[in-house]
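Sequence order for the protein chains is L and C. Numbered per this note's numbering, the first sequence finishes at 124, counting up by one with no gaps. Numbered per this note's numbering, the second sequence finishes at 1679, counting up by one with no gaps.
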Amino acid sequence: MKLKRILIAEDDPYLSKVMRNYLEERFIVDLAEDGGETLEMIHKNNYAVVLLDLIMPVKNGFQVLEILQEEKNPTPVLIFSNLAEKEEMDRAISLGAKNYYIKSDMDIDEVAKAITKFTEGQAK
Amino acid sequence: MKKRVNKKNKHYHKSILLRPIGNLKIRTKLFLGFFTIILLAVTVGAIGYQQTTKTEDAWLEISEFALPEMRALEDMRSGGLRIVSSINEFLLLGYLGTAMGEQKTELNYINEGKEGLMEGLEEFRVLMVKSGDDFENYQNIHSTVSSLLAIADEAVSNDTINAEQRDTVVADIKEELEEAEGKFLDSVNALLIYEREEVDEEAEEITEYIEITQKSLLFLSITSLFIGILLTYLFSYLIANPIISLRNITSKIAKGDFSKKVHHYFSDEIGELADSFNFMSSELQQLYSGLEKKVKEKTADIRTAQKKLQTEKAKLETFLESIGEGIIALDTKGRIVTLNKSAESMLGISLKKVIGQPFKSHIKLKNEGGNPLLIEDHPISDVMTKRKSIFLISTFIKKDKSKLYMATTIAPIIDGKKVIGLISTFRDMTKEKEVEQTKTDFISLASHQLRTPLTGIKWILQEADRMKNIKEWREEYLSDAVVSTERMISLVHDLLNVSRLDSGILAVDPKKTDLGEFISRLIKVDAQPVANAKKQKIVFKKPANKIITSIDQDLIHQVISNLVSNALRYSEKGKTITIGLKKKKGKIEISIKDQGIGVTKKDQEQLFEKFYRTKDAALYSTTGSGLGLYIIKKILLACKGTVSIESKKGKGSTFTVSIPTKTPTKKVNGAQLFSHTIS
Chain L
1 MKLKRILIAE DDPYLSKVMR NYLEERFIVD LAEDGGETLE MIHKNNYAVV LLDLIMPVKN
61 GFQVLEILQE EKNPTPVLIF SNLAEKEEMD RAISLGAKNY YIKSDMDIDE VAKAITKFTE
121 GQAK
Chain C
1001 MKKRVNKKNK HYHKSILLRP IGNLKIRTKL FLGFFTIILL AVTVGAIGYQ QTTKTEDAWL
1061 EISEFALPEM RALEDMRSGG LRIVSSINEF LLLGYLGTAM GEQKTELNYI NEGKEGLMEG
1121 LEEFRVLMVK SGDDFENYQN IHSTVSSLLA IADEAVSNDT INAEQRDTVV ADIKEELEEA
1181 EGKFLDSVNA LLIYEREEVD EEAEEITEYI EITQKSLLFL SITSLFIGIL LTYLFSYLIA
1241 NPIISLRNIT SKIAKGDFSK KVHHYFSDEI GELADSFNFM SSELQQLYSG LEKKVKEKTA
1301 DIRTAQKKLQ TEKAKLETFL ESIGEGIIAL DTKGRIVTLN KSAESMLGIS LKKVIGQPFK
1361 SHIKLKNEGG NPLLIEDHPI SDVMTKRKSI FLISTFIKKD KSKLYMATTI APIIDGKKVI
1421 GLISTFRDMT KEKEVEQTKT DFISLASHQL RTPLTGIKWI LQEADRMKNI KEWREEYLSD
1481 AVVSTERMIS LVHDLLNVSR LDSGILAVDP KKTDLGEFIS RLIKVDAQPV ANAKKQKIVF
1541 KKPANKIITS IDQDLIHQVI SNLVSNALRY SEKGKTITIG LKKKKGKIEI SIKDQGIGVT
1601 KKDQEQLFEK FYRTKDAALY STTGSGLGLY IIKKILLACK GTVSIESKKG KGSTFTVSIP
1661 TKTPTKKVNG AQLFSHTIS
């Protein structure tokens, strides 16, 4: 079975490290440390899903979403952020994010499950 | 005063004189007056009548007696004279003896004269008898007449005498005749003269009478006229004067002057009227003075009450004015009745301008949900209808659209059973709301800031647990967990520092420091490792001459490391941070220049405020509490230094810290800050 390729856009090195280590067992995982890098990677590769943090250097998550929307890029994006305000959640969803997860509410295995579930749903 | 007494005395004097008449009733007075005048007129008439009668009598007497007497005497004289002349003729004829026939004619004449004489004598006698006069005149006349008649008879009888004798006889007769004639004429003339004198006297008397009558009538008329005038005046005085004085005093009393009494001197009807009037006046005065006294008392009462009220009012006003809460009173139609100073300053309106105007035309109300709140609407109308006070948090929107958050209490003003308006007391909660907002912001920020390292720690530990059998993994994760925890501690330190800076005065403890060395060590120890991780460069050129000055090393370290930390955080990978150190007049300048995201002009204004993070910064980096620059500002304030920024969005920023060459010591117990860790 061919592993799906996913992108983790996360500026916090410690978080991205844990996420990558965990998810690498099920996916081919790429890392982006800022918004600029994220867009580059999306343009370069074809991802089953992008795990997007909102607070990031160079270009923040909202800016990334806006650009993708403008480009009509079909790459599905899931938001993983610690911003917990409804306003931000609504904004992200309206900009095309498929779902919104608050990181601190989740265990690391739940993150993996969510991604797996999403990608499987996408496949069907 | 003296004059008045005199006047009074004069009145009194007059009154005594007039009292007997004055005391009579007016009816009697009028009767007396008219009666006197009529009496006078009658008297005048009577006297006139009497005088006229007297005159008439005198005239009657004259015409009845004196005139016939005179006539009789005249007849007698003419009879006598005829006899004399006839005798003389007769004697002459006889003497001559010429014509005897003619003598006979002369005899007839003599007889005729005799008859006339006798008749006159008889008439005279009758008158004398009638008038009751004495007979002396008559006797006299009678004797002369008789002698005259005797001579006449003698002469006639001597007709036969001879010529010689005749001459003698004629001469004798003639002599006798002449004597008798003389006597006769003398007595008749004397009587005539007497009678004439009598008549003249009578006439004179009558004329005198008439004159007297005229004069007395004139005098009486004039006197009556004067008496009439006098009486008229007197009675009009007696009747009218008291009425006039009554009238004068009435008008004085009407003006409230009770000092004058009606002086009346007589006990007639007007006197009685004056008495009643004076009684009425004194009663009135009593009543009036009683009333005046009462009014005075009442006025004094009212004044006292008013004063009390004023004091109370002043107290209340002071009380209301000194209250920090705004107080506003509205009538039932929502119009402003009054408001206190606090309300004026809070709402930015002045009572003078808004009194009587609808409250809603100056202030719009919104409830907590942001919906318009009208006086007519629930729940404020409840205050009117249910007469219950309510408390609510509302937003006052002023005419300039600025908002005030007010804790508002609205209570009805109840007068008896009626609600006559409402009183609203409000406290400006805008500051509290802002503080609350800041708190909310802080909590959301802090929770977010804390959530990130906590998430890290959780996931790291979960992974470390999962990988516990792989030693390298386990160790790496555990060390990662420590770093994340430290990041969290640093954040907590920042928070604590802020609360310390806000609550107390910072202690400053300067020590001589070589600043070049100080900054080099800071870069080397704290900043370089972080920069290395992001492949960023830190450039610091130590000045040629050492800059040694007294600084509080902990505090300045905090400032510089915070700024360097920011510069690294908000710059992309591979960028350069340049640090400068310069000595200027009396101060030292340390600049930290980056090539990061920059700060807009608008954001620069609020950059040093507590919890302020620019939107760009907040979405750029999770780390960063929004407290660093605030802490820097506070520290430099305590050290008499300053901090400024020069920046353009996307073009990097330069923060310049300026500290005095001599930092004053400020020893205060307590406020010790936690050190900052660059991360």
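Glycine residues also receive a C-beta, built at the ideal position from the N, C-alpha and C atoms. Please read these numbers as outputs of a predicted model, since none were measured by experiment.
Item: Could you tell me which whole alpha helix (DSSP H) segments of length 4 or greater appear in the stretch 3 to 84 of chain L?; Value: 13 to 23, 35 to 44 and 61 to 71
Item: Consult DSSP for C/T1642 and reduce its assignment to one of helix, strand or coil.; Value: strand
Item: Determine whether the beta carbon atoms of C/S1565 and C/F1540 lie at a separation below 8 Å.; Value: no
Item: Counting only the same chain and skipping the five closest in sequence on each side, list residues whose C-beta sits under 7 Å from that of C/A1041.; Value: S1224
Item: Taking 8 Å as the cut-off, decide whether the C-beta atoms of C/S1484 and L/Y14 are in contact.; Value: yes
Item: For C/V1044, which residues from the same chain have a beta carbon less than 7 Å from its beta carbon, with the 5 sequence-adjacent residues on both sides left out?; Value: L1217, L1220, S1221 and S1224
Item: In this structure, does DSSP put C/V1419 in helix, strand or coil?; Value: strand
Item: Starting from L/V58, find everything on chain C with Cβ-Cβ shorter than 7 Å and list it in chain order.; Value: E1572
Item: Taking the alpha-carbon positions, what's the L/E110 to C/S1550 distance?; Value: 55 Å
Item: Does any C-beta atom of chain C lie closer than 8 Å to the C-beta of L/I93?; Value: no
Item: Mind pulling the chain C residues with CB within less than 8 Å of L/N82?; Value: H1448, R1451, T1452, T1455 and T1622
Item: Is it a yes or a no for the stretch 1644 to 1657 of chain C touching the stretch 1484 to 1493 of chain C, going by three-plus beta-carbon pairs under 8 Å?; Value: no
Item: Taking the DSSP output, what are the residues bridged to C/G1326?; Value: C/F1426
Item: Any contact of the stretch 1406 to 1425 of chain C with the stretch 1324 to 1338 of chain C, i.e. 3+ C-beta pairs under 8 Å?; Value: yes
Item: Using the beta-carbon count (16 or more within 10 Å), is C/Q1437 buried or exposed?; Value: exposed
Item: Could you pull the DSSP bridge partners for L/Y100 from this structure?; Value: L/I79
Item: Using a C-beta to C-beta distance shorter than 7 Å, which residues of chain C count as neighbours of L/E85?; Value: S1444
Item: So, with DSSP's three-state summary, where would you put C/R1613?; Value: coil
Item: Could you tell me whether any Cβ in chain L is nearer than 8 Å to the Cβ of C/I1489?; Value: no
Item: What are the residues that DSSP puts in a beta bridge with C/V1657?; Value: C/I1590 and C/V1643
Item: Does the beta-carbon of C/F1031 have 16 or more other beta-carbons within 10 angstroms, so that it is buried, or is it exposed?; Value: exposed
Item: Using a Cβ-Cβ cutoff of 7 Å, what residues of the stretch 1460 to 1482 of chain C are near chain L? List them in chain order.; Value: I1460, Q1462, E1463 and D1480
Item: If the criterion is Cβ atoms closer than 8 Å, does the pair L/A97 and L/V77 meet it?; Value: yes
Item: Kindly list the residues whose CB is nearer than 6 Å to the CB of C/H1362, restricted to its own chain and excluding five residues on each side of it in sequence; keep chain order.; Value: I1349 and V1354
Item: Residue range of the alpha helix (DSSP H) that C/S1345 falls in?; Value: K1341 to L1347
Item: Give me, in chain order, the residues of the same chain whose beta-carbon lies closer than 6 Å to that of C/S1086; leave out the 5 immediate sequence neighbours on both sides.; Value: E1106, Y1109, I1110 and G1113
Item: Determine, for C/S1484, whether the minimum Cβ-Cβ distance to residues of chain L falls below 8 Å.; Value: yes
Item: Could you confirm whether any beta carbon from chain C is found closer than 8 Å to the beta carbon of L/K127?; Value: Because chain L spans 1 through 124 in this model, residue 127 of chain L falls outside it and cannot be assessed.
Item: Give me the chain B residues within the contact set of C/A1507, using Cβ-Cβ distance strictly less than 7 Å, ordered along the chain.; Value: Among the chains of the structure shown, chain B does not appear; the protein chains present are L and C.
Item: Contact between the stretch 56 to 64 of chain L and the stretch 32 to 43 of chain L: three or more CB pairs below 8 Å?; Value: yes
Item: Measure the alpha-carbon distance for C/N1532 versus C/C1639 and round it to whole angstroms.; Value: 32 Å
Item: Does the beta-carbon distance from C/K1587 to C/S1644 come in below 8 Å?; Value: no
Item: Contact between the stretch 86 to 95 of chain L and the stretch 37 to 47 of chain L: three or more CB pairs below 8 Å?; Value: no
Item: In chain order, what residues of the same chain have a beta carbon less than 8 Å from the beta carbon of C/I1414, not counting five sequence neighbours either side?; Value: R1387 and I1420
Item: Within the 8 Å Cβ cut-off, does C/L1619 reach chain L?; Value: yes
Item: Can you tell which of C/R1427, C/F1235 and C/K1615 has the C-alpha that lies nearest to the C-alpha of C/T1693?; Value: Since the first residue of chain C shown is 1001 and the last is 1679, residue 1693 of chain C is not available in this structure.
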